[in-house]
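Data block below; observations after.
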Amino acid sequence: MRTRASLLLVAPAFLLAAGIGIARQGQPAGGGGGGAPQTPPPPPLTMTSTGVTDGATLPVQYTCSAKPAAVNPPLAWTNVPKDTASFAIITHDLEPRARKGIEDNLHWMIWNIPATASSVPEGVPAATAELPDGSRQSQAGAPAPGYRGPCPPMNVALVHHYTFELFALDQKMDVPVGATRNDLMKAMDGHIIGHAVLMSVFHR
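FYI, this note's numbering numbers position 79 of the sequence shown as 117, with every residue one higher than the one before it.
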């Protein structure tokens, strides 16, 4: 009887010890759940505009319907990634696919924006390829290097989507004035550490 009673007492003690062991296996190193809290990821790079509402119709002053000429909208950004050395902005129309190719319609690209910048103003001079702060701009196929206002065909039901893409880069781009979008994209490949998008629509 004593042996049976002893077994009855030992069995619960063994189960209790096993349960504690399993619980400890589930705890982080250091025990007691008192380890250092994990650092949350940094907030993503974000772009906004006082002239353009994301997803809304592009205001007329930023399109080819503007008189005397279109100007680029103001763009600003926050939550810049660590180690950003420069920024680039590429503006393009998602709908056209010229010659059945992969490229759509480029309206503006500006690169080597200084890392200290947090915005570009409305109305960057379109005739100036190299700006005083070291930024360079291009718009392949246009007489002027700067921003070209969206100008979809008139009286067509298709609504065009215009995307302003901001890239945070870990170095300046060794891309000359007059470069094509392919030139810039190739140079940026492997150096993008942040990306933000602002999209607007327009039709005439």
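For each residue, glycine too, the CB sits at the ideal point set by N, CA and C. Here the structure is a predicted model, which is why all the values come from computation and not from measurement.
The segment 137-208 is shown to contain whole beta strand (DSSP E) runs of 3 or more residues at 143-152, 174-176, 198-207, in chain order. By the C-beta density criterion, Pro190 is buried, having at least 16 other C-beta atoms within 10 angstroms. Distances from the alpha-carbon of Phe125 to those of Val158, Asn193, Ser238, Thr88 put Val158 closest. For a cut-off of 8 angstroms, the C-beta gap from Ile127 to Ile148 is around 5 angstroms, short enough to register as a contact.
Excluding five sequence positions before and after Met237, the CB atoms of its chain that fall closer than 8 angstroms to its own CB belong to Asp92, Gly93, His199, Tyr200, Thr201, Phe202, given in chain order. The segment 208-223 makes no contact with the segment 72-82: fewer than 3 CB pairs, one atom from each, lie closer than 8 angstroms. CA-CA distance, Asp142 to Pro188, rounds to 13 angstroms. Between Ile230 and Leu207 a beta carbon distance of about 6 angstroms is seen, short of the 8 angstroms cut, so the two are scored as contacting.
Linking His241 to Pro80 through their CA atoms gives a straight-line distance of about 37 angstroms. Each residue's CA atom was taken as its position, placing Pro106 and Ala123 some 36 angstroms apart.
Residue range 230-240 is occupied by the beta strand (DSSP E) that includes Ala234. A straight line joining the alpha-carbon of Lys120 with that of Tyr100 spans about 32 angstroms. Between Asn117 and Lys210, the CB-CB gap reaches or exceeds 7 angstroms.
Non-local beta-carbon contacts of Asp212 in its own chain, meaning distances under 8 angstroms to residues more than five positions away in sequence, involve Ala225 in chain order. As DSSP reads the structure, Ser124 sits in a beta bridge with Pro152, Leu207. Ala114: member of the beta strand (DSSP E) spanning 113-116, first to last residue.
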